[in-house]
Amino acid sequence: MLIFGALPSSTPGEEILVTISPFRYLVEKVSENTLSVGVLIPPSADMHTYEPTPQQAIKSSEAKIWFRMGSPQEEKLVTALRSNHPLVEIVDLSTLLPLIHESHCHHCQADVDLHYWLSPRLLQMMVKIVEKKLLELFPEREAQIRKGASDHFKELERVGHWLTAELAPVKGREIFVSHPAYAYLARDYGFRQISVEREGREPTPRELSQLVTELNRLHPRVIFSQQQYNSKSVQLIASRIGAKVMILDPHAENYLETLRTVGTAFRGAISPQTNVNDKREGLNG
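Numbered per my numbering, the sequence shown finishes at 459, counting up by one with no gaps.
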């Protein structure tokens, strides 16, 4: 498939498989870019509904390990991967992290929110998990892996401290989004996300009317959408309440840049002294 055809050539037995591109960034950081990493779901795809084909699993037959995210859409790949590559180790990161339950994400497994790469704290835990697994599989690269993990852990520490300061004005406030992708940021930094999407679908006319009434009361300046869930309802609501629509990409591979972009955008959305138009540039990357 195209996803794997674009990968650089790799040494047999040294390819890592991940479900989404932010996980590739994580593995590359920890390994200091010494391993070839295959991605199952393209960044532009809706991770909740995209279904990788069994052929993609077959294509990754050199992988020693698959870091999966815990999505139901991955389940059919497990059988395909096991039948073609029975020795591959499968690590479900969602089972190793303190995740948010009672999520409003309709497509998430057992009502668990799977957007956990948008939390510096959880990413630091993922660094430790990936480091341990890579050391088991590639002991000859111990020095590189330990250095990569240590350096990236510190990077995430710095981003976490920056977000604490940047999002201080957002604490206790509401952020308005098309899709509820920011529950972990909201939990970690004390704000609330209000989603236009209702359990994985567009709002009904009645729900839309209720949303407009609620948002007219709260007077949001910005509603944040994203390319994967850029719903028509968001544009309609924004036009009715006089808010701007801004596009973010929480699925972008470089989550360090994503977290900085999101932090700046969220602060700008609630700070009267900040011109949100000034924040528009760079919000897609």
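Ideal Cβ positions, reconstructed from N, Cα and C, are used throughout, including at glycine.
Exercise. Measure from the alpha carbon of residue 400 to the alpha carbon of each residue in 302, 310, 355 and 298, then state which is nearest.
Key: Residue 400 sits at position 226 when you count from the first residue of the sequence shown. The alpha carbon of residue 400 has as its nearest neighbour, out of 302, 310, 355 and 298, the alpha carbon of 355.
**Asked** Count the other CB atoms within 10 Å of the CB of residue 314; is the residue buried (16 or more) or exposed (fewer)?
**Response** Indexing the sequence shown from 1 puts residue 314 at position 140. Classification for residue 314: exposed.
For this session: Look at the alpha carbon of residue 302 and the alpha carbon of residue 394, and state the distance between them as a whole number of angstroms.
Result: The residue labelled residue 302 in the question sits at position 128 within the sequence shown. The residue labelled residue 394 in the question sits at position 220 within the sequence shown. Looking at the two C-alpha atoms, the distance is approximately 39 angstroms.
Given 8 angstroms as the limit, is there contact between the region 263-271 and the region 241-255, that is, 3 or more CB pairs closer than that? With contact defined as three or more Cβ pairs closer than 8 angstroms, the region 263-271 and the region 241-255 are in contact.
- [ ] Check the C-beta distance from residue 443 over to residue 368 and give it rounded, since I have them as a contact under 8 angstroms.
- [x] Numbered from its first residue, the sequence shown carries residue 443 at position 269. Numbered from its first residue, the sequence shown carries residue 368 at position 194. Contact doesn't hold; Cβ gap of about 12 angstroms is too wide.
ask   = Quick one: what's got a C-beta closer than 7 angstroms to residue 307's C-beta in the same chain, skipping five residues either side?
value = Stepping through the sequence shown from its first residue, residue 307 is reached at position 133. In its chain, beyond the 5 residues on either side, 239 and 265 have a beta carbon closer than 7 angstroms to the beta carbon of residue 307.
If you compare alpha carbons, which of 286, 360, 413 and 373 is closest to residue 386? Residue 386 sits at position 212 when you count from the first residue of the sequence shown. Distance check between residue 386 and each of 286, 360, 413 and 373 places 413 closest, using alpha-carbon atoms only.
Exercise. How would you write the range of the alpha helix (DSSP H) that residue 336 sits in, first residue to last?
Worked result: As a position in the sequence shown, residue 336 is number 162, starting the count at 1. Element bounds for residue 336: 316-340.
Helix, strand or coil: how does DSSP classify residue 243 here? Start at 1 with the first residue of the sequence shown, and residue 243 comes out as number 69. Assigned with DSSP and collapsed to three states, residue 243 falls in coil, not helix or strand.
*When you compare only the Cα positions, how much space is there between residue 273 and residue 197?*
Stepping through the sequence shown from its first residue, residue 273 is reached at position 99. Stepping through the sequence shown from its first residue, residue 197 is reached at position 23. A direct Cα-to-Cα measurement between residue 273 and residue 197 gives close to 17 angstroms.
inquiry  = Residues in the same chain with beta-carbon distance under 7 angstroms from residue 340, minus the five sequence neighbours each way, listed in chain order, please.
reply    = Against the sequence shown, residue 340 aligns to sequence position 166. Hits under 7 angstroms: 437, 438 and 441.
Check the DSSP bridge columns for residue 192 and list the partner residues they point to.
Within the sequence shown, residue 192 is the residue found at index 18, counting from 1. For residue 192, which the question treats as bridged, DSSP gives the partners 213 and 241.
Notebook entry, point to check: Touch check for the region 193-209 and the region 290-302: three-plus C-beta pairs under 8 angstroms?
Noted result: Touching, per the Cβ criterion.
Put residue 301 into one of helix, strand or coil per three-state DSSP.
-> Taking the first residue of the sequence shown as 1, we reach residue 301 at position 127. Helix.
Within 8 angstroms of any Cβ in chain D, is that where the Cβ of residue 211 sits? The structure shown contains no chain D, having only a single protein chain.
Nearest candidate by alpha-carbon position, reference residue 345, set 364, 191, 212 and 294 = Within the sequence shown, the letter at position 171 stands for residue 345. Per the Cα distances, 364.
_Within a Cβ cutoff of 7 angstroms, which residues of the same chain sit near residue 392, ignoring the five residues on either side of it in sequence?_
If you number the sequence shown from 1, residue 392 lands on position 218. These residues qualify, in order along the chain: 348.
Residues in the same chain with beta-carbon distance under 8 angstroms from residue 235, minus the five sequence neighbours each way, listed in chain order, please. Here residue 235 corresponds to residue number 61 of the sequence shown, with the count starting at 1. Around residue 235, the same chain offers 258 and 259 as residues with beta carbons nearer than 8 angstroms, after the five sequence neighbours per side are excluded.
Nearest neighbour of residue 406, chosen from 337, 351 and 309 [CA to CA]: For the purposes of this step, residue 406 is taken as residue 232 along the sequence shown, with counting starting at 1. The shortest Cα separation from residue 406 among 337, 351 and 309 belongs to 351.
**Prompt:** Closest to residue 408 by CA distance: which of 253, 337, 381 and 335 is it?
**Reply:** Reading the sequence shown from its first residue, position 234 is the one you call residue 408. From the listed residues 253, 337, 381 and 335, the smallest Cα separation to residue 408 is found for 381.
*Assess, as a yes-or-no matter, whether the region 329-337 is touched by the region 415-424 under the definition of 3 or more beta carbon pairs within less than 8 angstroms.*
The count of Cβ pairs closer than 8 angstroms, one atom from the region 415-424 and one from the region 329-337, stays below three, leaving the stretches out of contact.
Leaving out the 5 sequence neighbours to the left and right, which residues in its chain are closer than 8 angstroms to residue 331 when beta-carbon positions are compared?
Here residue 331 refers to the residue found at position 157 of the sequence shown. Same-chain partners within the cutoff: 294 and 298.
Original post:
What are the start and end residues of the alpha helix (DSSP H) that includes residue 444?
Top reply: Stepping through the sequence shown from its first residue, residue 444 is reached at position 270. For residue 444, the uninterrupted alpha helix (DSSP H) run begins and ends at 429-444, by DSSP.
Whole-angstrom distance between residue 397 and residue 384, CA atom to CA atom = For the purposes of this step, residue 384 is identified with residue 210 of the sequence shown, where counting begins at 1. For the purposes of this step, residue 397 is identified with residue 223 of the sequence shown, where counting begins at 1. Here the alpha carbons of residue 397 and residue 384 stand approximately 16 angstroms from one another.
* Residue range of the unbroken alpha helix (DSSP H) whose run includes residue 252 -> Within the sequence shown, numbered from 1, the residue matching residue 252 stands at position 78. For residue 252, the uninterrupted alpha helix (DSSP H) segment begins and ends at 249-258.
Q. Which value, in whole angstroms, describes the spacing of the CA atoms of residue 210 and residue 320?
A. Looking up residue 210 in the sequence shown gives position 36. Looking up residue 320 in the sequence shown gives position 146. Straight through space, the alpha carbons of residue 320 and residue 210 are spaced by roughly 18 angstroms.
- [ ] List the endpoints of the continuous alpha helix (DSSP H) containing residue 386.
- [x] Reading the sequence shown from its first residue, position 212 is the one you call residue 386. Note, residue 386: alpha helix (DSSP H), 379-392.
Q. So, using beta-carbon positions, are residue 329 and residue 433 closer together than 8 angstroms?
A. In the sequence shown, counting from the first residue as 1, residue 329 sits at position 155. In the sequence shown, counting from the first residue as 1, residue 433 sits at position 259. Going by C-beta atoms, residue 329 is not nearer than 8 angstroms to residue 433.
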